[in-house]
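I have placed the structure first, in the form of structure tokens, so that the comments after it can refer back to it.
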Amino acid sequence: MALMITDDCINCDVCEPECPNDAIFMGAEIYQIHPDKCTECVGHFDEPQCQQVCPVSCIPFNPAMRESKEELQAKFERLQASKA
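Just so you know, we're using UniProt numbering here: the sequence shown kicks off at 1 and counts up by one.
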């Protein structure tokens with residue numbers, strides 16, 4: 001499943017540069033995660049990097065975007081192919 005950023009976000013700017021898929025962007029008031037680009041860092045890292053650096057732990061898994069590791073890997077591969 002993709003990750004999401006909750007209203008607890010303090011706009012500290014540390015998550016955005018950590019995302020290898022450029023899925024994190026500034027929304028109207030807080031950062032947001034584009035679910036079609038979020039692979040939970042599958043294909044890049046063992047753990048979601050944004051969760052690791054977030055000082056307020058406001059980046060949980062999005063229950064509305066459930067995906068298996070295989071689906072996340074396939075999304076990673078599609079994203080990489082589109083970059084080429």
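Every residue, glycine too, gets a C-beta built ideally from N, C-alpha and C. Bear in mind that the values here come from a model prediction, so they are computed numbers and not experimental data.
Checklist line | Sheet register partners of Leu3 (DSSP bridge) | finding: Along the sequence shown, read from residue 1 onward, the residue named residue 3 stands at position 3. Answer is Phe61.
Margin query: Is the beta carbon of Val53 closer than 8 Å to that of residue 156?
Written below: Coverage of the chain is limited to positions 1 through 84, which leaves residue 156 absent and any answer about it impossible.
Check: Going by alpha carbons, who is nearest to Phe45 out of Ala84, Phe76, Pro35?
Finding: Within the sequence shown, residue 45 is the residue found at index 45, counting from 1. Checked all of Ala84, Phe76, Pro35; the closest Cα to Phe45 is Phe76.
Check: Do Ile24 and Cys9 have their C-beta atoms closer together than 8 Å?
Finding: Against the sequence shown, residue 24 aligns to sequence position 24. Against the sequence shown, residue 9 aligns to sequence position 9. Cβ distance not < 8 Å, so Ile24 and Cys9 don't count as in contact.
Note to self: Could you compute how far the alpha carbon of Pro35 sits from the alpha carbon of Lys83?
What the structure shows: For the purposes of this step, residue 35 is taken as residue 35 along the sequence shown, with counting starting at 1. For the purposes of this step, residue 83 is taken as residue 83 along the sequence shown, with counting starting at 1. Whole-angstrom Cα-Cα distance: 17 Å.
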